[in-house]
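Residue numbers (our numbering): 127 to 620. Backbone N, C-alpha and C define an ideal beta-carbon position, used for all residues, glycine too. Remember, it's a predicted structure, so these values are computed and weren't measured experimentally. Everything on this sheet refers to the single structure shown next.
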């Protein structure tokens with residue numbers, strides 16, 4: 127009997143779990159070592175006093191990618207049972223108390239758009255059609271493939287591709303071709319924050335995000351986004367993958383051109399044929415490997431923003447909030463400068479509120495509400511005097527004041543408990559460099575494709591990487607693709 131090849135995976139995030147299934151189904155003996163007591167990484171959950179909060183992502187978008195990956199793993203993800211389509215993706219509220227609903231109901235969306243800017247519905251339809259074409263082209267030619275050498279990425283054919291993907295113009299400037307109204311410019315560009323980027327200086331490639339939302343829809347997972355982790359975890363365990371929790375990895379030992387083993391916090395050494403790191407890639411190079419030169423180079427790269435989050439258990443339901451609500455400030459551009467240039471949070475921030483009770487009563491006790499607030503924030507910058515406790519407290523007051531103006535005047539009296547995270551917390555919880563919780567490395571065009579840190583180490587050819595800081599990048603759909611791509615590379619030996 128031929129002995130199975132062995133693989134150890136550092137981190138039980140979505141990328142690590144997904145890759146573990148692919149490897150197990152291809153004959154590998156797989157062990158996963160996770161520093162925390164539960165799986166999921168930034169897609170885990172918090173449960174307290176009957177309230178359930180998603181730690182990170184709260185909505186399932188780009189369902190086609192989920193279906194392709196899950197189908198390839200033999201996992202059922204059924205629309206209408208496991209994931210539920212939302213007619214209203216989210217409601218966007220502006221400072222003048224006007225509102226725009228991103229909805230699958232085109233009649234209603236047309237009425238709301240035309241009330242803001244006459245002629246804007248037709249322009250929105252063109253924006254969405256063009257953006258979805260960018261999405262499909264980007265997935266097929268840039269995102270869902272490995273680049274094994276520079277010339278596969280940098281060639282005349284791909285030069286034309288980059289033009290088609292609108293990488294030569296910022297998302298903000300591109301959107302101004304369609305809309306004049308400042309509120310519509312904000313509504314069709316804030317989605318850049320999903321991958322930790324500013325629409326002011328990142329490319330119009332990201333017009334694909336709102337376009338994909340409005341074309342493929344947005345879905346709610348029964349039980350929250352952790353249900354995605356649960357499905358992957360069940361398949362991994364039934365495929366023979368073994369998970370080891372509360373198992374911090376302190377080192378990857380190398381010798382000549384091979385990664386020999388991982389070393390746990392207690393000194394235990396675990397050898398394997400393949401080592402796959404699902405931990406944050408800059409962290410791995412800086413803390414687990416002897417590659418100080420590469421770590422320094424990674425430290426000079428562009429990093430995505432972070433977030434300050436508040437999770438509130440309330441003893442009262444506020445029905446004026448839909449499941450997904452976005453509050454956009456009229457100081458939108460100034461707020462982006464505060465996040466991406468000053469590495470802080472503005473005094474009048476834009477923010478997002480998730481209220482899962484609207485579609486899932488099990489996320490709170492009867493008569494209670496579960497709210498999560500996400501406010502984009504600058505990442506940790508050691509060169510600056512960042513007092514994150516003070517910034518958090520100031521941001522909390524700004525959010526509460528805006529919600530009170532929205533008709534939630536007594537919210538202070540109904541918060542039973544609060545859990546919050548700052549960039550420093552994200553750095554500690556998930557070992558995320560600079561607390562850049564959207565997936566540390568940014569998504570500028572010079573940090574994509576072959577130019578992004580590779581999913582295989584250049585010297586230790588049995589050491590691989592999966593997750594948001596390697597190809598193709600941040601966000602759960604990209605990370606699912608990342609797991610498929612790195613497994614293809616492991617199995618091919620390239």
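Kindly indicate which three-state DSSP category residue i falls into: helix, strand or coil?
i, result
"residue 386", "strand"
"residue 189", "helix"
"residue 618", "helix"
"residue 478", "strand"
"residue 296", "strand"
"residue 423", "helix"
"residue 287", "helix"
"residue 467", "coil"
"residue 429", "strand"
"residue 197", "helix"
"residue 506", "coil"
"residue 536", "coil"
"residue 323", "coil"
"residue 518", "helix"
"residue 344", "strand"
"residue 309", "helix"
"residue 180", "strand"
"residue 266", "helix"
"residue 271", "coil"
"residue 495", "strand"
"residue 484", "helix"
"residue 171", "strand"
"residue 459", "helix"
"residue 632", "Limits of the chain in this structure are 127 at one end and 620 at the other, which puts residue 632 out of reach."
Below 7 angstroms between beta carbons: does that hold for residue i and residue j?
i, j, result
"residue 406", "residue 557", "yes"
"residue 260", "residue 291", "yes"
"residue 586", "residue 616", "no"
"residue 510", "residue 469", "yes"
"residue 365", "residue 147", "yes"
"residue 166", "residue 352", "yes"
"residue 378", "residue 415", "yes"
"residue 440", "residue 486", "no"
"residue 481", "residue 449", "yes"
"residue 287", "residue 262", "no"
"residue 330", "residue 300", "yes"
"residue 398", "residue 411", "no"
"residue 156", "residue 367", "yes"
"residue 462", "residue 324", "yes"
"residue 159", "residue 451", "no"
Exposed or buried, which one is residue i when buried takes at least 16 other CB atoms within 10 Å?
i, result
"residue 223", "exposed"
"residue 244", "exposed"
"residue 464", "buried"
"residue 347", "buried"
"residue 289", "exposed"
"residue 608", "buried"
"residue 539", "exposed"
"residue 297", "buried"
"residue 241", "exposed"
"residue 488", "exposed"
"residue 547", "buried"
"residue 322", "buried"
"residue 362", "buried"
"residue 177", "buried"
"residue 518", "buried"
"residue 584", "exposed"
"residue 484", "buried"
Compute the minimum distance between the beta carbon of residue i and the heavy atoms of the ligand GTP, and state whether it is under 6 angstroms.
i, result
"residue 587", "The ligand content of the structure shown is nil, which means the ligand GTP is not present either."
What are the partner residues of residue i, as DSSP defines its beta bridges?
i, result
"residue 689", "Given that the chain is displayed from residue 127 to residue 620, the structure contains no residue 689 and the question cannot be resolved."
"residue 214", "229"
"residue 556", "Its beta-bridge partners do not exist; DSSP assigns none."
"residue 394", "Note: residue 394 sits in no beta bridge, so no partner."
"residue 452", "218, 478"
"residue 513", "Paired residue(s): none; residue 513 is not in a bridge."
"residue 546", "436"
"residue 369", "158"
"residue 381", "384"
"residue 375", "390"
"residue 541", "440"
"residue 567", "429"
"residue 166", "139"
"residue 562", "Answer by DSSP bridge pairing: none, since residue 562 is not bridged."
How do the segment 218 to 230 and the segment 297 to 315 stand: do at least 3 beta-carbon pairs fall below 8 angstroms, yes or no?
-> yes
Given 8 angstroms as the limit, is there contact between the segment 428 to 446 and the segment 556 to 566, that is, 3 or more CB pairs closer than that?
-> yes
Can we say the segment 601 to 620 touches the segment 138 to 154, given the rule of at least three CB pairs closer than 8 angstroms?
-> yes
On the three-pair Cβ rule with 8 angstroms, is the segment 465 to 484 touching the segment 395 to 404?
-> no
Could you tell me whether the segment 266 to 285 touches the segment 574 to 584, using the rule of 3 or more Cβ pairs below 8 angstroms?
-> yes
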